[in-house]
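Have a look at the structure below, then the notes.
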Amino acid sequence: MVRAAESSGMRNLYIHVGPPKTGTSAVQQLCRTRPDLPVLYPQVGLWADGSHHNLVFNFFGHAARPELVAEDSAAQFARIAALAAADDRDLLISSESLAGLDVGAFIRALLGHLGQGWAPQILFACREHFEWVASLYNQSVKDPVLREQQRPGAYLRASARRFCIMPMLERLSATGFPVRVVSYHPAADFVPRFLRAIGIGEAEQLPVERRNISLGVVGLVAMLAVKQVLAEPEEIERHLRALRGMKGLFASAPLIFDHESMAAVEPIFAEDRTRLAQAHGVLLPTVELATREDQFFLTQSDFDQLTSRFAPLGPQAEAISLALLSFVRA
Numbered sequence: 015m016v017r018a019a020e021s022s023g024m025r026n027l028y029i030h031v032g033p034p035k036t037g038t039s040a041v042q043q044l045c046r047t048r049p050d051l052p053v054l055y056p057q058v059g060l061w062a063d064g065s066h067h068n069l070v071f072n073f074f075g076h077a078a079r080p081e082l083v084a085e086d087s088a089a090q091f092a093r094i095a096a097l098a099a100a101d102d103r104d105l106l107i108s109s110e111s112l113a114g115l116d117v118g119a120f121i122r123a124l125l126g127h128l129g130q131g132w133a134p135q136i137l138f139a140c141r142e143h144f145e146w147v148a149s150l151y152n153q154s155v156k157d158p159v160l161r162e163q164q165r166p167g168a169y170l171r172a173s174a175r176r177f178c179i180m181p182m183l184e185r186l187s188a189t190g191f192p193v194r195v196v197s198y199h200p201a202a203d204f205v206p207r208f209l210r211a212i213g214i215g216e217a218e219q220l221p222v223e224r225r226n227i228s229l230g231v232v233g234l235v236a237m238l239a240v241k242q243v244l245a246e247p248e249e250i251e252r253h254l255r256a257l258r259g260m261k262g263l264f265a266s267a268p269l270i271f272d273h274e275s276m277a278a279v280e281p282i283f284a285e286d287r288t289r290l291a292q293a294h295g296v297l298l299p300t301v302e303l304a305t306r307e308d309q310f311f312l313t314q315s316d317f318d319q320l321t322s323r324f325a326p327l328g329p330q331a332e333a334i335s336l337a338l339l340s341f342v343r344a
């Protein structure tokens, strides 16, 4: 594999901003575990999942997450610059947390340590809106630190404009640095396509591991009910562990939004799709609303299985069972 070089002789500084739930974890894990790739992925400021969240959170002073390893960001940048100076490859930094932060300030600070000879480029992946919001909702329910308690339809209605893609791209373009958009679709070959975008020409030959897999419907309903009763992240995590080994716990969840909520926000998403195609030539898939049925519910068998797993965990089991009961459909 040969590194793609700029005709000007500049080295590429790729800043992958995600956003979340667009294949970022698979990209990060692969880059973290393959130091032989023709792009430098510095082992500085890494999160457990392989992202550069520690680098980003330290730079912006975000200390809320308990996983943060506090460190001086200037020292982290200096270490990255030293690694880059001893190498001739392009440089990749990947953190989906950057999507909602001042990416321009981050890039300028990093360039201040790297010096001359770098051509920054922001990399952004986009995903079909309903599928993307469903995955984001799933992650917010699965994460024990986040306090998501809304049902899917309410979450969709509340977040529709927040997850329009073009406003995000316009904010990124306002930094003055080039923005490259990669479609998440088809998902099966997203990682190789992303890697080709950063000059890795034989990406199809690299093994890709699925990471950060979503909860299936039963697991998702279970954790939503748990969060409606419990507040402590440790207790929420304990209840998630109680579900381990349950068939179908982690799976690609089918449609979780009710038809009325989807119909209410579709005009917003349709306008965003049109603008994205016009500005960046990216055509996202569309969803046929008339044929979709809400599958966010439990059967009686699901309910019985969940209550049996939660029963030994303490006095809150009865309250969780009552919360679960509201999701049972005959």
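The sequence shown begins at 15 in my numbering and counts up by one. Even glycine gets a Cβ: it sits at the ideal position worked out from N, Cα and C.
Where the beta strand (DSSP E) through residue i begins and ends
i: residue 104; result: 104–108
i: residue 195; result: 193–197
Whether residue i touches residue j by CB criterion (7 Å)
i: residue 40; j: residue 235; result: no
i: residue 352; j: residue 81; result: It is not possible to answer for residue 352, since the shown part of the chain is limited to 15 through 344.
i: residue 278; j: residue 303; result: no
i: residue 282; j: residue 174; result: yes
i: residue 166; j: residue 270; result: yes
i: residue 67; j: residue 107; result: no
i: residue 287; j: residue 298; result: yes
Residue i in three-state terms, based on DSSP
i: residue 139; result: strand
i: residue 340; result: coil
i: residue 16; result: Residue placement at residue 16 is poorly supported in this model, since its pLDDT is 37, which falls under 50; the coordinates still yield a value, given next. Coil, per DSSP.
i: residue 326; result: helix
i: residue 277; result: helix
i: residue 206; result: helix
i: residue 186; result: helix
i: residue 264; result: strand
i: residue 44; result: helix
i: residue 97; result: helix
i: residue 253; result: helix
i: residue 35; result: coil
Residue i CB to nearest heavy atom of the ligand MN below 6 Å
i: residue 208; result: Within the structure as shown, the ligand MN is missing, as the structure has no ligands at all.
7 Å Cβ cutoff, residue i in contact with chain B
i: residue 83; result: Given the protein chain composition of this structure (a single chain), no chain B is represented.
Whole-angstrom C-beta distance between residue j and residue i, which should lie under 8 Å
i: residue 120; j: residue 71; result: Incorrect: roughly 11 Å between the Cβ atoms, too far for contact.
i: residue 91; j: residue 134; result: Contact doesn't hold; Cβ gap of about 14 Å is too wide.
i: residue 36; j: residue 198; result: 5 Å
i: residue 128; j: residue 95; result: 5 Å
i: residue 26; j: residue 116; result: Rounded, the Cβ-Cβ distance is 21 Å, inconsistent with contact.
i: residue 247; j: residue 150; result: Not quite, the Cβ-Cβ distance comes to about 19 Å (not below 8 Å), so this is no contact.
Residue(s) in a DSSP beta bridge with residue i
i: residue 7; result: Missing from the structure shown is residue 7; the chain here goes from 15 to 344 and no further.
i: residue 134; result: 27
i: residue 53; result: 104
i: residue 320; result: Answer is none; residue 320 lacks a bridge partner.
i: residue 312; result: 342
i: residue 125; result: Note: residue 125 sits in no beta bridge, so no partner.
i: residue 229; result: 264
Boundaries of the alpha helix (DSSP H) in which residue i is found, first to last residue
i: residue 169; result: 166–173
i: residue 305; result: It is not in any alpha helix (DSSP H) - residue 305 carries neither H nor E in the DSSP assignment.
i: residue 163; result: Note, residue 163: premise wrong, no alpha helix (DSSP H); not H, not E.
i: residue 71; result: 67–74
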